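Working notes, beginning with the structure itself.
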Amino acid sequence: MQELDTSGLGSVRVTRKSDNVVVIEKDLATEQMVLAMGPQHPSTHGVLKLECLTDGEVITEAVPYLGYLHRCFEKCCENVDYPAIVPYTDRLDYLAGMNSEFAYALTVEKLLDIEIPRRVEFIRVIVAELNRIASHLVAIGTYGIDLGAFTPFLFCFRDREIILGLLEWASGARMLYNYIWIGGLAYDVPSDFLKRVSEFVTYFRPKAVELCNLLTKNEIFVKRTRGIGIMPADVAINYGWSGPMLRGSGVKWDLRRNDPYSIYPELDFNVAVPDGKVSVIGDCLSRHLVRALEMEESLKIIEQCISKMPTAEGFNPRSAIPKRIRPKAGEVYGRAENPRGELGFYILSDGKSTKPVRCKGRSSCFVNLSAMKDLSKGQLIPDLVAIIGSIDIVLGEVDR
Amino acid sequence: MGNNLNAWSEALSGFYLLGLPLGLVILAAIPLVFIALYSLTYGVYGERKISAFMQDRLGPMEVGKWGILQTIADILKLLQKEDIVPTSADKFLFVIGPGVLFVGSFLAYAVLPFSSAFIGASLNVGLFYAIGIVALEVVGILAAGWGSNNKWSLYGAVRSVAQIVSYEIPAAIALLCGAMMAGTLDMQKITLLQSGSLGFAHFFLFQSPIAWLPFIIYFIASLAEVNRAPFDIPEAESELVAGYFTEYSGMKFAVIFLAEYGSMFMVSAIISIVFLGGWNSPLPNIGSLALNDMTSGPIWGAFWMITKGFFFIFVHMWLRWTLPRLRVDQLMYLCWKVLTPFAFVSFVLTAIWEIYVP
Chain A
1 MQELDTSGLG SVRVTRKSDN VVVIEKDLAT EQMVLAMGPQ HPSTHGVLKL ECLTDGEVIT
61 EAVPYLGYLH RCFEKCCENV DYPAIVPYTD RLDYLAGMNS EFAYALTVEK LLDIEIPRRV
121 EFIRVIVAEL NRIASHLVAI GTYGIDLGAF TPFLFCFRDR EIILGLLEWA SGARMLYNYI
181 WIGGLAYDVP SDFLKRVSEF VTYFRPKAVE LCNLLTKNEI FVKRTRGIGI MPADVAINYG
241 WSGPMLRGSG VKWDLRRNDP YSIYPELDFN VAVPDGKVSV IGDCLSRHLV RALEMEESLK
301 IIEQCISKMP TAEGFNPRSA IPKRIRPKAG EVYGRAENPR GELGFYILSD GKSTKPVRCK
361 GRSSCFVNLS AMKDLSKGQL IPDLVAIIGS IDIVLGEVDR
Chain B
1001 MGNNLNAWSE ALSGFYLLGL PLGLVILAAI PLVFIALYSL TYGVYGERKI SAFMQDRLGP
1061 MEVGKWGILQ TIADILKLLQ KEDIVPTSAD KFLFVIGPGV LFVGSFLAYA VLPFSSAFIG
1121 ASLNVGLFYA IGIVALEVVG ILAAGWGSNN KWSLYGAVRS VAQIVSYEIP AAIALLCGAM
1181 MAGTLDMQKI TLLQSGSLGF AHFFLFQSPI AWLPFIIYFI ASLAEVNRAP FDIPEAESEL
1241 VAGYFTEYSG MKFAVIFLAE YGSMFMVSAI ISIVFLGGWN SPLPNIGSLA LNDMTSGPIW
1301 GAFWMITKGF FFIFVHMWLR WTLPRLRVDQ LMYLCWKVLT PFAFVSFVLT AIWEIYVP
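As they're listed, the protein sequences go chains A and B. Going by this note's numbering, the first residue of the first sequence is number 1, and it counts up by one from there. Going by this note's numbering, the first residue of the second sequence is number 1001, and it counts up by one from there.
Written out as structure tokens, the structure is:
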């Protein structure tokens, strides 16, 4: 069977139906187009680049290209003392700085094996949960924008502003706090802080429901997210997913319950998983719902912390902070439940230095994003946007 | 009222200066000035304030009292901007794109009766012309999208063309229902048929219960035709950056913007002419209180016409800041499998109503 010479015909599509029948369609050949989505694209949530191979509006393949926000976090850590790493952890997941600090402090405390004052633990949990709500508000708001709903975003930011104000009051910074130190806190909370926080809880509870209804009761929103980007539970586990992403796939896995740390075992809260009534388990809507439900759980945690909080009498937030941190030789892996999943730190100490020999961050966003190739296959461009939004990445943590 | 129909526009078109038809130029300039003024005030400033109100914020507050001079500042900024044509763009298409787009939406203003005494061109097929001429916008969008030589622009243009061409079908059929009730395609006559001392009760929307169906169908389809949310997929910001006008800046961008606002008023005007009585006053005469007579006349007519148009534009804005965006396939599904069949149904029902119900 000889090859057909189509050189003079311009762009053609040759289809061989059988040995004798060859269909040549002139000027009908379609090509796949490479579409570089990002790093400057409004809905890649930062400087993520997705190189998409598209056939019309359908994406045949989408490969994430990372590293535009790489700031050598791990190398920096090897060159500074243990306490000086805390501000760097803020810059990982900059939407949930408190949680990142918390995870890092837990890890080093595990390595040092030190006892933390009880009030410190309560304050840590309160600020971390406040930050979790703030982070989920950004996730939900920007997800609305990804799907073309502008208004929920501003509602979210209005309420997030209150949280940022509270955290600023406690720590002095709006986003990059450097508040949770190894062995303690930078400062005790201001005297009226708890009152204001409980005021916020009463204010925010109905708002959270309103916000949830604004999107999940919207027919178009549900149509855009229901059944899109379905991730089965087993595949999600194999990818190493964690946090709301994994719970969205129906796995009841929350480090605050499954590998409890701090005072979480004493607190009463549910691990939010979708019930499959509104959404298909594992789709974008499930992941969105998990975040919306988690805000309510965080409010519950904050309320309990406020009621159980030990008094500030004779309390020094820096009392347990070691003067000089030089851990014994050894390694440790500590992890905590961040708004985006499991944030873990692996720290290797040689026992001589005040600096870690190795400090590796295990980023939940990075792991969650790695499933992009699977999730995006055969989706439309608008669905790809919906999927990226539901993964809720923070590029600061992906690239580190 | 019938005898002074189109009095102003006829007087204007008969006005010659030094043998030049200056009156015709003024006649064409009036809608142009109207588009510019309304876009400046209600379109841009109004939309920003309305969206701010809906989103629990203030909107522009810095330039002038309550930020009323913000739009002027924006225009000045746009005027000063460098007119960038990308090196790899098809220069001819890139330059004419916004122009054709604007002309497409502006040409339809010729047959909009702004008042009982004013219409650009009193065509006897005015409605048909208005439906047809809008398709010219497609050419402009395609030229802009293709000429930009940008993948996102191309996606936007292709989506837009598919959308506008599809949605013209339910839109046209829905308008035909109105034309059937009137028995004419002349915009001025359609409006005239809806006048009477009972005000809104004479409007086609309230003349038959079936008229609600084409009214709603046309409203949805018109949203899609002017690329407004929830059908703004051709410029879907979060997907296609800015769709077919990604590469535009400065005054070219301003012209595209103006065309969008022009089309918004155009479809709002058409829906209010065909279903809501155009320049007729909605107020009824109640006994000796002759509200309808008091609020009728050429000047009141212009007021009612513009108010009704602005009301629908407000609904456009309201929807835009409320609803998320549909997906491309959902948009086509809505057009071909929902709106078009229902448009046909309403067409048949209207015909039956017109024949058997006096």
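Just so you know, even glycine gets a beta-carbon here, dropped at the ideal spot from N, CA and C. Please read these numbers as outputs of a predicted model, since none were measured by experiment.
Notebook entry, point to check: Below 8 Å between beta carbons: does that hold for residue 65(A) and residue 399(A)?
Noted result: No; because the gap between Cβ atoms is not below 8 Å, this pair is not in contact.
Next item on the list: Note down the Cα distance separating residue 336(A) from residue 33(A), rounded to an integer number of angstroms.
Entry: Rounded to whole angstroms, residue 336(A) to residue 33(A) spans 42 Å at the Cα level.
Notebook entry, point to check: So residue 1113(B) and residue 1278(B) are in contact, right, with Cβ under 8 Å, and what is the actual spacing, rounded?
Noted result: Going by Cβ atoms, the distance from residue 1113(B) to residue 1278(B) rounds to 6 Å, so yes, they are a contact pair.
Checklist line | Below-8 Å beta-carbon distance, residue 31(A) vs any chain B residue | finding: Chain B contact via Cβ: absent.
Check: Which same chain residues, not among the five before or five after residue 1045(B), have their C-beta less than 6 Å away from its C-beta?
Finding: Correct list, in chain order: 1071.
Margin query: Can you tell me whether residue 1335(B) is helix, strand or coil according to DSSP?
Written below: Judged by DSSP in its simplified three-state form, residue 1335(B) adopts helix.
Notebook entry, point to check: For residue 131(A), which residues from the same chain have a beta carbon less than 6 Å from its beta carbon, with the 5 sequence-adjacent residues on both sides left out?
Noted result: The answer, listed in chain order, is 96, 98, 99.
Next item on the list: Output the distance between the C-alpha atoms of residue 1174(B) and residue 1144(B), rounded to the nearest integer angstrom.
Entry: CA-to-CA, the gap between residue 1174(B) and residue 1144(B) works out to about 30 Å.
Notebook entry, point to check: Rounded to a whole number of angstroms, what is the C-alpha to C-alpha distance between residue 397(A) and residue 94(A)?
Noted result: Rounded to whole angstroms, residue 397(A) to residue 94(A) spans 8 Å at the Cα level.
Next item on the list: Mind checking who residue 132(A) pairs with in its DSSP beta bridge?
Entry: Residue pairing for residue 132(A): DSSP places it in no beta bridge.
Margin query: Am I right that residue 364(A) and residue 243(A) are in contact with their C-beta atoms under 8 Å? What's the rounded C-beta distance?
Written below: Their Cβ separation, rounded to whole angstroms, is 5 Å, which keeps residue 364(A) and residue 243(A) in contact under 8 Å.
Next item on the list: Return the first residue and the last residue of the alpha helix (DSSP H) that residue 1189(B) is part of.
Entry: Per DSSP, residue 1189(B) belongs to the alpha helix (DSSP H) from 1187-1192.
Next item on the list: Specify, as a first and last residue, the run of the beta strand (DSSP E) that residue 63(A) falls within.
Entry: Residue 63(A) -> beta strand (DSSP E) spans 58-65.
Check: When DSSP labels each residue in this structure, what does residue 1214(B) get in the three-state scheme?
Finding: Residue state, collapsed to three classes: helix.
Check: How about residue 1323(B) and residue 149(A): do their beta carbons lie closer than 8 Å?
Finding: Going by C-beta atoms, residue 1323(B) is nearer than 8 Å to residue 149(A).
Checklist line | Cα-Cα separation between residue 309(A) and residue 343(A), rounded to whole angstroms | finding: Rounded to the nearest angstrom, the two C-alpha atoms are 26 Å apart.
Check: Quick one: what's got a C-beta closer than 8 Å to residue 341(A)'s C-beta in the same chain, skipping five residues either side?
Finding: Shown here for residue 341(A): same chain residues with a beta carbon closer than 8 Å to its own, the five before and five after excluded, namely 241, 242, 243, 244, 245, 246, 364, 365, 367, 368 in chain order.
Note to self: Between residue 381(A) and chain B, is the shortest Cβ-Cβ distance under 8 Å, so that the two count as touching?
What the structure shows: Output row for residue 381(A): interface = yes.
Item checked: Nearest candidate by alpha-carbon position, reference residue 1190(B), set 1123(B), 1317(B), 1291(B), 1073(B) -> Proximity to residue 1190(B) across 1123(B), 1317(B), 1291(B), 1073(B) peaks at 1123(B), based on C-alpha coordinates.
Next item on the list: Closer than 9 Å, Cβ to Cβ, to anything on chain A: give me those residues from the region 1303-1326 of chain B, in chain order.
Entry: Here the close residues are 1320, 1321, 1322, 1323, 1324, 1325, 1326.
Next item on the list: Count the other CB atoms, across all protein chains shown, that sit within 10 Å of the CB of residue 142(A); report buried if there are 16 or more and exposed otherwise.
Entry: With 16 or more other Cβ atoms within 10 Å, it is buried.
Note to self: If the cut-off is 7 Å on Cβ atoms, which residues from the region 1143-1155 of chain B count as contacting chain A, listed in chain order?
What the structure shows: Result list: 1151.
Notebook entry, point to check: Candidates 352(A), 300(A), 125(A): which alpha carbon is nearest residue 325(A)'s?
Noted result: When each option's Cα is compared against that of residue 325(A), the closest is 352(A).
Check: Which runs of the beta strand (DSSP E), 3 residues or longer, sit entirely within the region 1048-1116 of chain B?
Finding: List check, beta strand (DSSP E) in window: 1113-1115.
Checklist line | Start and end residues, alpha helix (DSSP H) containing residue 1033(B) | finding: Where residue 1033(B) is concerned, the enclosing alpha helix (DSSP H) stretches over 1022-1038.
Next item on the list: Answer with yes or no whether the minimum CB distance from residue 1090(B) to chain A is below 8 Å.
Entry: Closer than 8 Å: no.
Note to self: Check this for me: beta carbons of residue 982(B) and residue 1051(B), under 8 Å apart or not?
What the structure shows: Lying outside 1001 to 1358, the shown extent of chain B, residue 982(B) is not represented and no answer is given.
Next item on the list: Could you confirm whether any beta carbon from chain A is found closer than 8 Å to the beta carbon of residue 1163(B)?
Entry: So, not an interface residue.
Notebook entry, point to check: For the beta strand (DSSP E) that contains residue 158(A), what are its first and last residues?
Noted result: Careful: residue 158(A) lies outside any beta strand (DSSP E), inside the alpha helix (DSSP H) at 151-171.
Item checked: Neighbour flag for residue 206(A) against chain B, beta carbons, 8 Å -> The beta-carbon of residue 206(A) is placed no less than 8 Å from the nearest beta-carbon of chain B.
Item checked: Top-ranked residue by Cα proximity to residue 297(A), from 257(A), 328(A), 390(A), 284(A) -> The option with the nearest alpha carbon to residue 297(A) is 257(A).
Margin query: Quick check on DSSP: helix, strand or coil for residue 1141(B)?
Written below: Note: residue 1141(B) maps to helix in three-state DSSP.
Margin query: Give me the chain A residues within the contact set of residue 1054(B), using Cβ-Cβ distance strictly less than 8 Å, ordered along the chain.
Written below: Under the 8 Å cutoff, chain A gives 151.
Notebook entry, point to check: What residue from 379(A), 347(A), 380(A), 187(A) has the CA that sits closest to residue 78(A)'s CA?
Noted result: Closest option to residue 78(A), Cα to Cα, is 347(A).
Check: Taking all protein chains shown into account, do 16 or more other C-beta atoms lie within 10 angstroms of the C-beta of residue 1325(B), making it buried, or fewer, making it exposed?
Finding: Classification for residue 1325(B): buried.
Checklist line | Closer than 9 Å at the beta carbon, the chain B residues around residue 174(A) | finding: Chain-ordered listing is empty here: chain B has no CB closer than 9 Å to the CB of residue 174(A), the nearest sitting near 19 Å.
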